[in-house]
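The block underneath contains the structure these notes are about, expressed in structure tokens.
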Ligand code: FES
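Residue numbers (the numbering used here): 4 to 321.
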């Protein structure tokens, strides 16, 4: 994990841990002195700073109205990079952890149907969004949720289940759902969201590739492999506020150059999927390689962990 300067964290304590399904732990975090926690949007992300440079990002699965706790759910990934195993083995009631301020989240719409498509533990941000909709009296949503065997956090979706707004698919006994057919059935009057394994996200991305950004939302937690452009040339990165600049050599890249400049930018995933390094750009244009900014947002902002510059000068608002 790349170190970053001035990472802002909040110290929280684990107040409870349970295991709603073998291999999935639900962890509740509170302020140590029971003060309200920084507010968040439905399904916002927080980074857990676990010590020794280990940082992992999770979606909050409780609703923003609960301002005194953050709830996350972590599946032990046997073939993962070690973060989920660390959490499963070390976090228990009373453990202190540093967490980042919540960022991002899901912007649901009130004027159209919200269609959530989840695979396994990818349901977490949608639980938060659904509970938020319900609290606001909104029933304009449906959740299509596939998992291998029993789903893991079903107790958090009691109202949605009772109202018949959740369609479950057990992929141990039935085929994976046909996302094109599902979305087709709702026509152009929905906003669609997807979070789950890479195969599901790719299938979803294919189906909605021609949809406007305002009608789709994809949550990724595994950064795609970095791409190197062989035609990339050296350029100058300028930090407008701190008045520093440096040449970015193609083999070094923007992020490492920003590190050398001690730029005040937070980095978590390092792969353009979490939003931690979101930065305003003033002159460029940047080459965007993230997976989260909309084309409109890209006109002003850039995820510097994966970006480069298409011109000779990239000026950042840092
Ligand atoms: S650090 Fe996650 S998007 Fe840049």
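Here a beta-carbon is modelled for each residue, glycine too, at the ideal position from N, C-alpha and C.
Item: Please classify residue 151 as buried or exposed, where buried requires at least 16 other C-beta atoms within 10 Å of its C-beta.; Value: exposed
Item: How many angstroms separate the CA atom of residue 291 from the CA atom of residue 217?; Value: 19 angstroms
Item: Taking buried to mean at least 16 other C-beta atoms within 10 Å of its own C-beta, is residue 250 buried or exposed?; Value: exposed
Item: Which residues are close to ligand 1, meaning CB closer than 5 angstroms to any heavy atom, in chain order?; Value: 270, 271, 272, 275, 277, 279, 280, 306 and 308
Item: How far does the alpha helix (DSSP H) with residue 301 in it extend, from its first residue to its last?; Value: 298-301
Item: By Cβ distance below 7 angstroms, which residues in the same chain neighbour residue 9 in space, the five residues on each side in sequence not counted?; Value: Its pLDDT being 47, under 50, residue 9 is placed unreliably in this model, and the coordinates cannot settle the point.
Item: Mind checking who residue 144 pairs with in its DSSP beta bridge?; Value: 117
Item: Going by beta carbon distance, what residues of the same chain come within less than 6 angstroms of residue 247, once the five residues before and after it are set aside?; Value: 264
Item: Could you tell me the distance, in whole angstroms, from the CA atom of residue 256 to the CA atom of residue 311?; Value: 7 angstroms
Item: Under three-state DSSP, which class holds residue 128?; Value: helix
Item: Output the distance between the C-alpha atoms of residue 122 and residue 155, rounded to the nearest integer angstrom.; Value: 11 angstroms
Item: Given 7 angstroms as the limit, tell me if residue 156 has its C-beta closer than that to any heavy atom belonging to ligand 2.; Value: No copy of ligand 2 appears in this structure; the ligands present are ligand 1.
Item: What does a CB cutoff of less than 8 angstroms around residue 149 pick up in its chain, not counting 5 residues either side in sequence?; Value: 121, 122, 123, 171, 172, 173, 174, 179, 180, 199 and 203
Item: Which of helix, strand or coil does DSSP assign to residue 259?; Value: helix
Item: To the nearest angstrom, report how far apart residue 243 and residue 316 are at their CA atoms.; Value: 12 angstroms
Item: For residue 325, tell me which candidate among 117, 289 and 48 has the shortest Cα-Cα distance.; Value: This structure cannot speak to residue 325, because the chain is shown only from 4 to 321.
Item: If you drop the 5 nearest sequence neighbours on each side, which residues of the same chain put their C-beta closer than 8 angstroms to that of residue 339?; Value: The shown model of the chain, from 4 to 321, leaves out residue 339, and the question about it has no answer.
Item: Are the beta-carbon atoms belonging to residue 128 and residue 62 less than 8 angstroms from one another?; Value: yes
Item: Verify the CB distance criterion: does residue 239 have a CB-CB separation below 8 angstroms to chain D?; Value: The structure shown has no chain D; it contains just one protein chain.
Item: Which residue wins for smallest C-alpha separation from residue 15, given the options 106, 71, 213 and 211?; Value: 71
Item: What three-state label does DSSP hand residue 310 in the structure shown?; Value: coil
Item: Going by beta-carbon coordinates alone, are residue 319 and residue 285 separated by less than 8 angstroms?; Value: yes
Item: Is the beta carbon of residue 207 less than 8 angstroms from the beta carbon of residue 182?; Value: yes
Item: Just checking my contact of residue 271 with residue 12 at CB under 8 angstroms: how many whole Å lie between their CB atoms?; Value: 11 angstroms between Cβ atoms; not a contact.
Item: Taking the alpha-carbon positions, what's the residue 98 to residue 33 distance?; Value: 11 angstroms
Item: For residue 96, which residues of its own chain have a beta-carbon under 8 angstroms away from its beta-carbon, when the five flanking residues on both sides are left out?; Value: 17, 18, 19 and 20
Item: List in chain order: all unbroken alpha helix (DSSP H) runs of 4+ residues lying wholly within the stretch 221-271.; Value: 257-263
Item: Using alpha carbons as the reference points, say which of 100, 161 and 222 lies closest to residue 54.; Value: 100
Item: What whole-angstrom Cβ distance do residue 102 and residue 51 have, given they're in contact under 8 angstroms?; Value: 6 angstroms
Item: Using the three-state DSSP reduction, which class does residue 12 fall into: helix, strand or coil?; Value: strand
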